[in-house]
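Structure, as structure tokens:
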Amino acid sequence: MKPSYIQITPNLGELLWKLPPSDELLALQLAYMDFLQTDWADELHSLRLGFTRISLQWKSSISQEKFNRLVPNHQMSPKPLSKKVWEIPVCYALELGEDLNELAKEKHMSVEELITLHTSPTYRIHFFGFLPGFFYLNGLHPLLHAPRKPIPRLSVPSGSVAIGGSQTGIYPRESPGGWHLIGQSPVVLFDPQRSSPVWAKSGDQVKFMPIDLAKFQSWSYDIPTFYLS
Amino acid sequence: MNLSLGKARIVFTAPGTSIQDLGRHHVASIGIPSAGVMDQKSYAWANHVLQNEENAAVLEISQPGLTLVFDYPTELSFAGAKVQIFLNGEAYNSGNTLLIQAEDEVKLGKFYSGRWLYMGIKSGFATEKFYESRSDFPFISRKFYRETGDYLPYLPINDSPQRNASPKWNTSWYEDEVIVAYRGPDWSLLNGELQQQLLKGTFRISTQSNRMGIQLEDLLPNTLPELPTNPVFPGTVQLSSGGKLIVLMRDAGVTGGYPRILQLSEDSISKIAQKRPGEVVRFHLE
Numbered sequence: 006m007k008p009s010y011i012q013i014t015p016n017l018g019e020l021l022w023k024l025p026p027s028d029e030l031l032a033l034q035l036a037y038m039d040f041l042q043t044d045w046a047d048e049l050h051s052l053r054l055g056f057t058r059i060s061l062q063w064k065s066s067i068s069q070e071k072f073n074r075l076v077p078n079h080q081m082s083p084k085p086l087s088k089k090v091w092e093i094p095v096c097y098a099l100e101l102g103e104d105l106n107e108l109a110k111e112k113h114m115s116v117e118e119l120i121t122l123h124t125s126p127t128y129r130i131h132f133f134g135f136l137p138g139f140f141y142l143n144g145l146h147p148l149l150h151a152p153r154k155p156i157p158r159l160s161v162p163s164g165s166v167a168i169g170g171s172q173t174g175i176y177p178r179e180s181p182g183g184w185h186l187i188g189q190s191p192v193v194l195f196d197p198q199r200s201s202p203v204w205a206k207s208g209d210q211v212k213f214m215p216i217d218l219a220k221f222q223s224w225s226y227d228i229p230t231f232y233l234s
Numbered sequence: 631m632n633l634s635l636g637k638a639r640i641v642f643t644a645p646g647t648s649i650q651d652l653g654r655h656h657v658a659s660i661g662i663p664s665a666g667v668m669d670q671k672s673y674a675w676a677n678h679v680l681q682n683e684e685n686a687a688v689l690e691i692s693q694p695g696l697t698l699v700f701d702y703p704t705e706l707s708f709a710g711a712k713v714q715i716f717l718n719g720e721a722y723n724s725g726n727t728l729l730i731q732a733e734d735e736v737k738l739g740k741f742y743s744g745r746w747l748y749m750g751i752k753s754g755f756a757t758e759k760f761y762e763s764r765s766d767f768p769f770i771s772r773k774f775y776r777e778t779g780d781y782l783p784y785l786p787i788n789d790s791p792q793r794n795a796s797p798k799w800n801t802s803w804y805e806d807e808v809i810v811a812y813r814g815p816d817w818s819l820l821n822g823e824l825q826q827q828l829l830k831g832t833f834r835i836s837t838q839s840n841r842m843g844i845q846l847e848d849l850l851p852n853t854l855p856e857l858p859t860n861p862v863f864p865g866t867v868q869l870s871s872g873g874k875l876i877v878l879m880r881d882a883g884v885t886g887g888y889p890r891i892l893q894l895s896e897d898s899i900s901k902i903a904q905k906r907p908g909e910v911v912r913f914h915l916e
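These protein sequences, in sequence, are chains A and B.
The first sequence: position 85 = 90 (our numbering), numbered continuously.
The second sequence: position 25 = 655 (our numbering), numbered continuously.
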């Protein structure tokens, strides 16, 4: 599972794996991230992680040339993934999951079945993107995959739990959005006032824990609890 | 040395005015976009003529009417869009820099060409930093953008500076149509015909363009799949399933799922930033 490296511009390139997103691939990517952050830190302007790539922004084209010569032959052992599982409370009430009924109908299942399918897996956090504090998860049950809505909503409330394509995620703040809304979480995903604005990391896991509307309304903890798997 | 801060009061501004520098680059890992000036080339000039540090904060302005009153002496510079400037009601059109006395009023008139004007100030605006940058960005900086009635702090000057005459700001570099681009990571998903259409065609800047991205009006119909979400940067050109070309700019999210077919050169990011809706570009492969 050696990656190849492509140079895009004199200062920008990408490590790429021709594999679908998985825990095994993430473990390799995180090993590369650690290696880059220690051995190449002085020559890198920034690093970005995606499902199947790592993008490298170089301070100079010379650094990129050097990397391109040395690294493709590098053999890297995967980094063991985190054992942390965050328990994220989600209220799947119809008032908060505006598309819950419609999506269940489209999928020929009951709302309860949909909630069960959404709450049973343990999802893996791969990286952050789209909005500050928005984590990309892998592990949505294929029965719940649903094309994005043809016309995006102009405003999706903060904390909304949603499904788009093969993805599920939580909107860290109010934003336009084209995903199907199935519930809402009372936790705070991004707080710029905190020294570390997000509590989760790439490689951590997430489990959705259903709560009722009364509990949602009285919820007073910004940060969810976790256990070790 | 006078260490108390001066203040520039915004007597009036239309939407689209913000404080910017080169942006924040160490927080992409938690999903924070870099932000920063749309046109780095003009920005560098605005700081250079004042002998400022290269990351000094400037005011980025996109509409006429901005009116500022300064309470202490300073020196301003202008670059980017070509704009009519009034000092205390009188047209000002000489030189790169403008000396300001206490209570002077600067007002912007018509935009003749270009989209973004950069107003530099001696030593840079001294607004608050968030994650090592003063760039305004929603939910990251305290101010999302700048409004009428706001105050902008700055360090006043005591002596009139001695300046060597520097060449006058020239806007011809952003006036031609050519946008230099490299093959994006997903370029090879385009068949030969689509590649030719992209390189031979002209594309009009649509009104759907802002600090996040610039949409092009002319479509490139395609059957490309949606891809696993991966990193994107300012200057990444995405091709949507509907055939829309979107040039991502400074406030764009750090990842995206559409095929990334081109990556603009740094200079061409600055150039396309200065294009107004209705203007036309063509891509030249580097």
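The beta carbon of each residue, even a glycine, is placed where N, CA and C say it ideally should be.
Would you grab the beta carbon distance between residue i and residue j for me? Rounded to a whole angstrom, and I think it's under 8 Å.
i        : j        : result
B:ASP669 : B:VAL810 : Actually they do not touch by this definition, with Cβ atoms about 15 Å apart.
B:VAL867 : B:VAL877 : 5 Å
A:SER2   : A:VAL161 : Summary: the structure shown does not reach residue 2 of chain A, with chain A confined to residues 6 through 234, and so no result is reported for it.
A:GLY170 : B:GLU856 : 7 Å
B:ALA676 : B:TYR748 : 4 Å
A:MET214 : A:ILE93  : 7 Å
A:ASP39  : A:LYS71  : At roughly 19 Å, the Cβ-Cβ gap does not stay under 8 Å, so A:ASP39 and A:LYS71 are not in contact.
B:GLN650 : B:VAL688 : 6 Å
Please list, in chain order, the chain B residues whose beta carbon lies closer than 7 Å to that of residue i.
i        : result
A:PRO137 : ILE660, GLY661, ILE662, PHE769 and ILE770
A:GLY170 : GLU856
A:LEU40  : Note that residue 40 of chain A is Phe in the sequence shown here, rather than Leu. Residues of chain B passing the Cβ test: none, with the nearest at roughly 15 Å.
A:SER133 : Reading off the sequence, residue 133 of chain A comes out as Phe, not Ser. Neighbours of A:PHE133 on chain B, chain order: SER659, ILE660 and GLY661.
A:ILE11  : PRO815
I want to verify the contact list: residues of chain A whose CB lies under 8 Å from the CB of residue i, in sequence order.
i        : result
B:SER895 : THR14
Just the chain B side, please: which residues come within less than 9 Å of residue i by C-beta, in chain order?
i        : result
A:VAL211 : Those do not exist, as A:VAL211 stays about 15 Å from chain B at its closest Cβ, beyond 9 Å.
A:VAL203 : ILE660 and GLY661
A:ARG58  : PRO815, PRO858, ASN860 and PRO861
A:ILE130 : The contacting residues do not exist; A:ILE130 stays about 11 Å from chain B at best.
Quick check: is the beta carbon of residue i nearer than 8 Å to any beta carbon in chain A?
i        : result
B:GLY814 : yes
B:GLU684 : no
B:MET631 : With a pLDDT of only 45 at B:MET631, under 50, the local geometry of the prediction cannot be trusted, and no value is derived from it.
B:PHE863 : yes
B:GLU807 : no
B:GLU847 : no
B:HIS655 : yes
B:GLU735 : no
Does the CB of residue i have a neighbour CB from chain B at under 8 Å?
i        : result
A:ARG199 : no
A:HIS50  : yes
A:ASP44  : no
A:SER165 : no
A:GLU29  : no
A:GLU19  : yes
A:PRO26  : yes
A:GLU55  : Correcting the residue identity first, residue 55 of chain A is Gly in this sequence and not Glu. Closer than 8 Å to some Cβ of chain B, the Cβ of A:GLY55 qualifies, so yes.
A:ILE156 : no
Could you spell out the range, first to last residue, of the alpha helix (DSSP H) harbouring residue i?
i        : result
B:SER648 : Unbroken run through B:SER648 is the beta strand (DSSP E), 648-650; no alpha helix (DSSP H).
B:TYR673 : 670-678
B:LEU747 : Premise fails: B:LEU747 lies in the beta strand (DSSP E), 735-751, not in any alpha helix (DSSP H).
A:HIS123 : 116-124
A:THR43  : 28-44
B:LEU869 : Where B:LEU869 is concerned, there is no enclosing alpha helix (DSSP H), although the beta strand (DSSP E) it sits in stretches over 866-869.
Taking the beta strand (DSSP E) that residue i belongs to, which residues open and close that run?
i        : result
B:THR925 : Examination of residue 925 of chain B is not possible in this model, given that chain B is present from 631 through 916 alone.
A:PHE132 : 128-133
B:ALA882 : From DSSP, B:ALA882 is part of no beta strand (DSSP E); its letter is neither H nor E.
B:TYR784 : 781-784
B:GLY843 : 843-846
B:GLU705 : 704-717
B:ARG776 : Here B:ARG776 belongs to no beta strand (DSSP E), and DSSP marks it neither H nor E.
B:ILE891 : 890-894
A:LYS112 : Here A:LYS112 belongs to no beta strand (DSSP E), and DSSP marks it neither H nor E.
A:PHE221 : Premise fails: A:PHE221 lies in the alpha helix (DSSP H), 218-223, not in any beta strand (DSSP E).
B:LYS637 : 636-642
B:SER802 : Taken as a continuous stretch (DSSP letters only), B:SER802 belongs to no beta strand (DSSP E), as it is neither H nor E.
Who are the neighbours of residue i on chain A, taking C-beta pairs under 7 Å?
i        : result
B:ASN718 : Correct list: empty, because the minimum Cβ distance to chain A is about 40 Å.
B:HIS914 : Chain A residues near B:HIS914: none, gap ~14 Å exceeds 7 Å.
Which chain B residues sit within Cβ distance under 8 Å of residue i?
i        : result
A:TYR141 : THR859 and THR885
Could you please tell me which residues of the region 880-895 of chain B, in chain order, have their CB closer than 8 Å to any CB of chain A? Listed by position, the residues of the region 880-895 of chain B near chain A (Cβ gap below 8 Å) are GLY883, VAL884, THR885, GLY886, GLY887, GLN893 and SER895.
Near-chain B residues of the region 212-229 of chain A - C-beta to any C-beta below 7 Å: For the region 212-229 of chain A, there are no residues whose beta carbon sits under 7 Å from a beta carbon of chain B.
Could you name the residues of the region 69-81 of chain A whose beta carbon sits closer than 9 Å to any beta carbon of chain B, in the order they occur along the chain? Listed by position along the chain: nothing, the set is empty.
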